[in-house]
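This report refers to the structure that appears directly beneath it.
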Amino acid sequence: MPSDSIAPTEEQSAPLTGRSRLVRLGGVGVVILCVVGGFLYLGGWLSPNALTPGRFVDEFERMGGIHSGFRRNHAKGVCVRGFFDSNGQGARLSKAVVFRPGRVPVIGRFSLGGGDPHVTDDLSTVRGLGLQFSLPDGEEWRTAMVDLPVFPFKDPRAFYDNLLASQPNPNTGKPDPEKMAAFAASHPETVQALAIIKSHAPSSGFDNAAYYSLNAFRFVRADGASTYVRWTLVPVQPYGAGTGASQDKNFLFDELIASIHQHPLQWRLLMTVAQPGDPTDNATILWPEGREQVDVGMLTLDSVESEETSPARDINFDPLVLPAGMAPSNDPLLSARSAIYSQSFTRRAGETKEPSEITPSEVRK
Amino acid sequence: MSSSTTTGRPQFNGSMRFLHWLMAAMVLTMLGIGVAMVASLGNYHLLVSIHRPLGIAILIVVVIRFVNRHFSTLPPFPPTMSSQERFVAHASEVLLYTLLFVLPLIGWGMLSAARYPIVLFGSLHLFPILPHSVMLYAFLRRTHTILAYLLFLAFIAHFGAILFHTLVVRDGMLSRMAPWRARAR
Ligand code: HEM
Ligand code: HEM
Ligand code: HEM
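Listed in order, the protein sequences are those of chains A and B. Numbering (our numbering) for the first sequence: 1031 to 1395. Numbering (our numbering) for the second sequence: 3 to 187.
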């Protein structure tokens, strides 16, 4: 603490006259206002119409309602555990520890798209799989995938505008067809992506579905060379087209639980390697047929748990939690997803956790 | 080491001045990155990847700075400051030091409670310092915001007081911390 001894008095300047004192006081005020203004500008307080993570999640909440403790999207889910056996082939693409030969533990969560944690299962609802690979050096790889071969929206703005356009009209209970048509007209890439999605009939269950990263990632090898990849989990369980005959509210989840109790479920992890010129910033576009695919190992999921008892409920499957050797591409969805998942996670983290649709007794053998 | 010489005006010693401006740059950058990243979709990942290691660097530098201050002779307060002003000035320094220490610890702690890997760069990451609890995360996350805003307000008060003294009272307050050597008038 500075000592209180008095410094030499000749340091002081003569007092200012009233007028110039006022001018200088005003100057101090202006400088302070500029600093405060700069801070407000950086924090987005001066641009109330900009799309922020908070506003995006507000829109999910308006569409799906607020369900205490649940994810704002992919709200209905069940948790799983297992392991990943790397065959070492991935080291050709990335130095990430997960691709060294060997086994790492995995925890994950199957989910249905949408903000309602008690929604009735439907074959046409998007199915998701979030995974966390715990690597031996303490690093983690997290990924959230869906069973669609392409994503309908090229950037977060398009997704958001589609949410706005598909808001049900209070009179009809259906989205306004004019708004939907306007959205389609201004988003030809969405129309094309939806055509691709419609040409793939959904499989009969969670266990025989393929799951796609959709977004491209940049893989960095030990020698520093990098390539762009997208990955796919290809089910070992044989494909069967869904009939949708079941009337049971939770038929997709119940079948998953029954099948995992019978035998461990397995998926091959395939890395599709981009050629120069393949779009890495647009998940609505498929890469051309015949791209090299590297089989990097096998995912095995052998136990299932309700969200209520699994630590996976409290994980944010942020697609940008990546080990060294994997990095985001220039796909604008990636940073946006990371920001928005963080916002959704922070909101649900502080809420009391209500019972899940898939209860602990439902997952028992 | 000496704070005032017969030829110069009283000044903080060189290491204190160096650490002050180094940290001022780091802290203002951190506050800007912090508020910008939580409002951004496109730059969120880049900014948060800078925010974590820079915040931990602040934690390290503030410890060094605190120890350095302890071993430095501080220049006396200028006579233009009343005893209340001196009390407020000292209290604000205590507040600034406390926030600079606590805020990065809360950042580290909240990511620990949420069981995020606390990546600094490449495969280098920190160990968790708190148990896995999302309720604890939510509480610390809110605290991180509140204390960061408080730090910003404390900085504004600090900056305003320095400007006031330098431009209105004209006691040469700024030169006490100026990066260059202050000369007698
Ligand atoms: C801008 C585009 C997207 C937005 C705004 C968005 C939004 C969200 C939100 C808010 C959550 C809840 C996060 C949480 O609370 O933990 C979520 C979960 C999820 N998302 Fe997305 N998403 C987007 C794109 C994608 C894409 C491209 C995929 C697949 C490749 C995907 C797959 C998933 C999955 C599987 C989950 C559930 C993960 C879990 O079980 O925790 N999302 N999404
Ligand atoms: C002096 C040091 C620090 C300052 C001034 C600071 C400042 C900030 C500010 C202003 C925000 C935005 C708060 C809001 O508007 O909600 C923020 C958020 C955040 N900070 Fe810090 N911080 C510091 C240290 C750290 C450290 C050391 C870490 C982690 C190791 C950290 C991790 C985070 C995270 C994860 C977020 C929120 C991201 C999100 O919600 O998506 N901070 N910080
Ligand atoms: C551009 C902005 C800044 C200016 C012009 C400035 C100026 C000064 C001056 C002139 C002093 C000496 C006060 C005295 O005579 O007793 C001082 C001290 C101090 N300042 Fe700043 N400062 C700035 C930013 C900051 C920031 C951002 C922090 C906090 C991180 C900070 C923390 C301190 C502390 C703790 C002291 C007490 C001396 C010490 O322990 O180093 N300053 N500042």
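Note that the Cβ used here is the ideal one computed from N, Cα and C, for glycine as well.
Would you kindly work out how many angstroms separate the C-alpha atoms of residue i and residue j, rounded to a whole number?
{"i": "D1237 of chain A", "j": "Q1267 of chain A", "result": "7 Å"}
{"i": "S1372 of chain A", "j": "P1362 of chain A", "result": "16 Å"}
{"i": "P1349 of chain A", "j": "P1218 of chain A", "result": "26 Å"}
{"i": "A1379 of chain A", "j": "L132 of chain B", "result": "16 Å"}
{"i": "S113 of chain B", "j": "F141 of chain B", "result": "The residue asked about is misnamed: residue 113 of chain B is Leu in this sequence, not Ser. In a straight line, the C-alpha of L113 of chain B is about 12 Å away from that of F141 of chain B."}
{"i": "A59 of chain B", "j": "D1151 of chain A", "result": "49 Å"}
{"i": "I52 of chain B", "j": "G1068 of chain A", "result": "20 Å"}
{"i": "V1053 of chain A", "j": "P1200 of chain A", "result": "58 Å"}
{"i": "N45 of chain B", "j": "E1319 of chain A", "result": "32 Å"}
{"i": "Y191 of chain B", "j": "V65 of chain B", "result": "Nothing about residue 191 of chain B can be reported from this structure: the residues present for chain B run from 3 to 187 only."}
{"i": "T1039 of chain A", "j": "V1066 of chain A", "result": "Confidence is the limiting factor: at T1039 of chain A the pLDDT is only 42, short of 50, which leaves the residue's position unreliable, though a coordinate-based value still follows. Roughly 35 Å between the two C-alpha positions."}
{"i": "S1340 of chain A", "j": "V136 of chain B", "result": "13 Å"}
{"i": "M179 of chain B", "j": "Q13 of chain B", "result": "6 Å"}
{"i": "T9 of chain B", "j": "R67 of chain B", "result": "With a pLDDT of 44 at T9 of chain B, under the threshold of 50, the modelled position of that residue is not reliable, and the figure given next carries that caveat. Whole-angstrom Cα-Cα distance: 27 Å."}
{"i": "R1101 of chain A", "j": "L1224 of chain A", "result": "25 Å"}
{"i": "I1036 of chain A", "j": "T82 of chain B", "result": "Note that I1036 of chain A has pLDDT 40, beneath the 50 cutoff, so the model's placement of it is unreliable and no number is given."}
{"i": "C1064 of chain A", "j": "G124 of chain B", "result": "37 Å"}
{"i": "M175 of chain B", "j": "T31 of chain B", "result": "24 Å"}
{"i": "S1033 of chain A", "j": "Y1190 of chain A", "result": "The predicted position of S1033 of chain A is uncertain, since its pLDDT is 40 and thus under 50; a value taken from the coordinates is nonetheless stated next. Their backbone Cα atoms lie some 60 Å apart in a straight line."}
{"i": "V96 of chain B", "j": "A1357 of chain A", "result": "41 Å"}
{"i": "V1087 of chain A", "j": "I1096 of chain A", "result": "10 Å"}
{"i": "H1104 of chain A", "j": "S1374 of chain A", "result": "11 Å"}
{"i": "I1388 of chain A", "j": "E1338 of chain A", "result": "9 Å"}
{"i": "E1384 of chain A", "j": "F1347 of chain A", "result": "20 Å"}
{"i": "H134 of chain B", "j": "Y118 of chain B", "result": "10 Å"}
{"i": "L56 of chain B", "j": "N1360 of chain A", "result": "24 Å"}
{"i": "D1222 of chain A", "j": "K1209 of chain A", "result": "The sequence given here has Gln at residue 1222 of chain A, not Asp. Whole-angstrom Cα-Cα distance: 18 Å."}
{"i": "G1048 of chain A", "j": "I158 of chain B", "result": "25 Å"}
{"i": "F73 of chain B", "j": "N15 of chain B", "result": "11 Å"}
{"i": "P1207 of chain A", "j": "V1259 of chain A", "result": "37 Å"}
{"i": "N1245 of chain A", "j": "L1364 of chain A", "result": "7 Å"}
{"i": "E1041 of chain A", "j": "I164 of chain B", "result": "Interpretation of E1041 of chain A is limited by its pLDDT of 49, a score under 50 that renders its predicted location unreliable; the figure taken from the coordinates is listed afterwards. Cα to Cα, the separation comes out at about 16 Å."}
{"i": "T1302 of chain A", "j": "I1226 of chain A", "result": "18 Å"}
{"i": "P78 of chain B", "j": "L122 of chain B", "result": "40 Å"}
{"i": "W1075 of chain A", "j": "A1188 of chain A", "result": "23 Å"}
Which residue from the options puts its Cα closest to that of residue i?
{"i": "A26 of chain B", "options": "B:P78, B:M112 and B:A156", "result": "B:A156"}
{"i": "R11 of chain B", "options": "B:P80, B:T145 and B:L33", "result": "B:P80"}
{"i": "P1135 of chain A", "options": "A:E1285, A:E1169 and A:L1076", "result": "A:E1169"}
{"i": "A116 of chain B", "options": "A:I1370, A:R1343 and A:A1080", "result": "A:R1343"}
{"i": "L169 of chain B", "options": "A:R1051, A:P1353 and A:F1347", "result": "A:R1051"}
{"i": "L1194 of chain A", "options": "A:E1091, A:T1382, A:N1312 and A:F1113", "result": "A:E1091"}
{"i": "S42 of chain B", "options": "A:E1384, A:I1370, A:L1329 and A:E1387", "result": "A:I1370"}
{"i": "L1286 of chain A", "options": "A:V1393, A:G1120 and A:D1115", "result": "A:V1393"}
{"i": "V1250 of chain A", "options": "A:G1057, A:F1183 and A:P1353", "result": "A:P1353"}
{"i": "V37 of chain B", "options": "A:V1087, A:Y1071, A:D1167 and A:H1104", "result": "A:Y1071"}
{"i": "D1325 of chain A", "options": "A:L1153, A:F1347 and A:L1300", "result": "A:L1300"}
{"i": "V29 of chain B", "options": "B:P119, B:H134, B:N15 and B:L105", "result": "B:L105"}
{"i": "P1166 of chain A", "options": "A:G1048, A:A1188, A:T1155 and A:F1129", "result": "A:F1129"}
{"i": "S1368 of chain A", "options": "A:Y1242, A:E1338, A:A1174 and A:G1118", "result": "A:A1174"}
{"i": "L1153 of chain A", "options": "A:P1306, A:S1276, A:L1364 and A:Q1323", "result": "A:S1276"}
{"i": "T1257 of chain A", "options": "A:G1145, A:S1196 and A:G1307", "result": "A:G1307"}
{"i": "L76 of chain B", "options": "B:V63, B:L98 and B:M18", "result": "B:M18"}
{"i": "S1124 of chain A", "options": "A:T1376, A:G1355 and A:N1079", "result": "A:G1355"}
{"i": "E1381 of chain A", "options": "A:G1073, A:M1328, A:S1098 and A:N1192", "result": "A:S1098"}
Could you round the C-beta distance between residue i and residue j to whole angstroms and report it? I think they count as a contact, below 8 Å.
{"i": "G1158 of chain A", "j": "V1176 of chain A", "result": "5 Å"}
{"i": "V1156 of chain A", "j": "L1178 of chain A", "result": "6 Å"}
{"i": "T1220 of chain A", "j": "A1214 of chain A", "result": "7 Å"}
{"i": "D1115 of chain A", "j": "G1327 of chain A", "result": "5 Å"}
Validate contact between the region 1256 to 1271 of chain A and the region 1227 to 1243 of chain A using beta carbons, cut 8 Å, 3 pairs: yes
The region 117 to 131 of chain B in contact with the region 147 to 154 of chain B per 3-pair CB rule at 8 Å: no
Length at least 3, wholly inside the region 1287 to 1321 of chain A: the beta strand (DSSP E) runs in chain order: 1295 to 1303
The region 1107 to 1117 of chain A contacting the region 1126 to 1141 of chain A, beta-carbon criterion three pairs below 8 Å: yes
Inter-stretch contact at 8 Å, needing at least 3 Cβ pairs: the region 100 to 111 of chain B / the region 75 to 92 of chain B: no
Inter-stretch contact (C-beta, 8 Å, three-pair minimum) for the region 1325 to 1338 of chain A and the region 1283 to 1301 of chain A: yes
At least three beta-carbon pairs within less than 8 Å, the region 1304 to 1318 of chain A to the region 1274 to 1284 of chain A: no
Complete beta strand (DSSP E) runs within the region 1128 to 1162 of chain A (minimum length 3 residues, chain order): 1132 to 1142
Inside the region 1049 to 1120 of chain A only - alpha helix (DSSP H) runs reaching at least 4 residues: 1083 to 1094
Segment contact, 8 Å Cβ cut-off, at least three pairs: the region 1172 to 1190 of chain A with the region 1119 to 1133 of chain A: no
Alpha helix (DSSP H) runs contained entirely in the region 84 to 121 of chain B, provided each spans 4 or more residues: 85 to 115
Contact residues within the region 1048 to 1059 of chain A, judged by C-beta distance below 9 Å to chain E: Going by chain labels, chain E is absent from the structure shown, which instead holds the protein chains A and B.
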